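Asker:
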Amino acid sequence: MDIQILGALAAQERGVSVVPSAAKPRQLLALLALHADRVVSVPTLMEEIWGECIPRSASTTLQTYILQLRRRLTAALDGDPRRDAKDILVTRFGGYLLQVEPGRVDAHEFDRLAAAGATAFEVGDHRAASDLLRRALGLWQGPALVDVPAGSVLELEVLRLNEQRTTTLERRIESDLRLGRHAEVVPELRVLAARHPLHEGFCAQLMRALHRTGGSWRALEAYQRLRGSLVRELGLEPSAALQDLHRAVLSGDPDHALRAAATAERAR
Numbered sequence: 082m083d084i085q086i087l088g089a090l091a092a093q094e095r096g097v098s099v100v101p102s103a104a105k106p107r108q109l110l111a112l113l114a115l116h117a118d119r120v121v122s123v124p125t126l127m128e129e130i131w132g133e134c135i136p137r138s139a140s141t142t143l144q145t146y147i148l149q150l151r152r153r154l155t156a157a158l159d160g161d162p163r164r165d166a167k168d169i170l171v172t173r174f175g176g177y178l179l180q181v182e183p184g185r186v187d188a189h190e191f192d193r194l195a196a197a198g199a200t201a202f203e204v205g206d207h208r209a210a211s212d213l214l215r216r217a218l219g220l221w222q223g224p225a226l227v228d229v230p231a232g233s234v235l236e237l238e239v240l241r242l243n244e245q246r247t248t249t250l251e252r253r254i255e256s257d258l259r260l261g262r263h264a265e266v267v268p269e270l271r272v273l274a275a276r277h278p279l280h281e282g283f284c285a286q287l288m289r290a291l292h293r294t295g296g297s298w299r300a301l302e303a304y305q306r307l308r309g310s311l312v313r314e315l316g317l318e319p320s321a322a323l324q325d326l327h328r329a330v331l332s333g334d335p336d337h338a339l340r341a342a343a344t345a346e347r348a349r
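FYI, the numbering for the sequence shown is 82 to 349, going by the numbering used here.
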C-alpha cells in the first residue's frame with residue numbers, strides 16, 4: 082500500500098484508492114497510517130474519533146469502521162488469493178495495526194531523510210545535507226492531512242509534522258547559505274519572511290543572504306519589518322542574537338556579520 086499524509090490523505094492498494102469519504106473512517110485510516118506497522122490502541126482510536134464524549138456504542142461503531150476499511154481493501158485486492166484485508170489491517174490485542182511495506186508512507190520517508198540530513202549538517206557536510214533535506218521537503222504536497230478532520234490525537238501529530246517541516250526547511254536553507262548560495266535563496270526567503278512575520282530564523286537568514294549579495298539596506302528593512310511585527314503583536318523586541326546581527330549589518334563588517342549569524346544559529 083502506498084500512503085500519502087503530507088498533503089491530502091491518499092492510500093492506494095494496487096493503484097486503487099482505499100480512502101473512505103466519511104469523516105470518522107478517514108480519521109481512523111489517517112491515524113493508523115501515521116503509525117503504520119505499530120499497534121494503535123483502541124482507547125487512542127476512540128479518543129481521536131470522539132474526544133472526551135465517547136458514546137456507549139463506541140466499541141461497536143469502531144469495529145464497524147474497521148470493517149468498512151477492510152471492505153475497501155478487499156475490493157482493491159480484487160480476489161488476490163495470496164493476501165487478505167485482515168493481513169493488512171491487522172487486529173492485535175488491545176488495538177489495530179496497519180501493515181505497510183517500508184518506504185511506502187511519505188511521512189516516514191520524510192522523517193528518515195530529514196534525520197539523515199540533520200546528521201550530515203551536524204558533521205559539516207552541507208552539500209549532502211542540502212540534498213537530503215531538499216528531498217525530504219519535496220515529499221510535501223501541502224499541509225499535512227489537509228483534508229482530514231483532526232481530533233485531539235491527530236491534531237498533535239499534524240502539529241509535529243508541520244513544525245518538523247519548518248525546522249527542516251530552515252536547516253536546508255542554512256546549508257545552502259554555508260555553501261555560498263546566497264543569491265539563490267533570497268527569493269525563497271523573501272516569501273518565507275512574509276509568510277512568517279514573527280519567525281526570527283527566516284529573518285536572520287534573509288538578512289545574511291541580502292548582506293552577502295550587496296543588499297545591506299534591504300537586510301536592515303527586513304529587520305525593521307520583523308521588529309515592528311514583534312512589538313505590535315507580542316510587545317517584544319528581537320532577540321539579542323538578531324540585534325547583534327542587525328548591528329553587524331549596520332557596521333558593514335562581513336566577518337562580524339558571520340560571527341553574529343553563528344551566534345544566532347546557536348541561540349535557536
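Beta carbons: idealized from backbone N, C-alpha and C, even for Gly. Please read all numbers here as calculations on a predicted model, not as lab measurements.
Is the distance from the Cβ of A139 to the Cβ of I130 below 9 Å?
Answerer: yes
Asker: Give me, in chain order, the residues of the same chain whose beta-carbon lies closer than 8 Å to that of G309; leave out the 5 immediate sequence neighbours on both sides.
Answerer: none
Asker: Along the alpha helix (DSSP H) that carries L331, what are the first and last residues, could you check?
Answerer: From DSSP, the alpha helix (DSSP H) with L331 extends over 321 to 332.
Asker: Mind listing, in chain order, the continuous alpha helix (DSSP H) runs of no fewer than 4 residues lying wholly within the segment 218 to 261?
Answerer: 233 to 259
Asker: Can you check whether the C-beta of L178 is within less than 9 Å of a C-beta belonging to chain B?
Answerer: This model lacks chain B altogether, as it is built from one protein chain only.
Asker: Could you pull the start and end residues of the beta strand (DSSP E) that G198 belongs to?
Answerer: Here G198 belongs to no beta strand (DSSP E); instead the alpha helix (DSSP H) covers 187 to 203.
Asker: So, for S297: in the same chain, excluding its five sequence neighbours on each side, which residues have a beta-carbon less than 6 Å away from its beta-carbon?
Answerer: Same-chain partners within the cutoff: V330.
Asker: Could you tell me the distance, in whole angstroms, from the CA atom of V121 to the CA atom of V234?
Answerer: 11 Å
Asker: Go through its chain and collect everything with a Cβ distance to V99's Cβ below 6 Å, but skip five positions before and after it.
Answerer: Excluding sequence neighbours, V99 sits near A92, R153, L154, A157.
Asker: Run through the segment 287 to 323 for me and flag every whole beta strand (DSSP E) of 3 or more residues, listed as ranges in chain order.
Answerer: none
Asker: At what residues does the alpha helix (DSSP H) containing Q26 begin and finish?
Answerer: Only positions 82 to 349 of the chain appear in the structure, and residue 26 is not among them; the question remains open.
Asker: Per the contact definition of three or more C-beta pairs closer than 8 Å, is the segment 174 to 185 in contact with the segment 99 to 119?
Answerer: With the cut-off at 8 Å, the segment 99 to 119 and the segment 174 to 185 touch.
Asker: Pair every Cβ in the segment 260 to 275 with every Cβ in the segment 222 to 229, then say whether three or more of these pairs are closer than 8 Å.
Answerer: no
Asker: Residues in the same chain with beta-carbon distance under 8 Å from A303, minus the five sequence neighbours each way, listed in chain order, please.
Answerer: For A303, where only same-chain residues beyond five positions count, the Cβ hits under 8 Å are A274, C284, L287, M288, L291.
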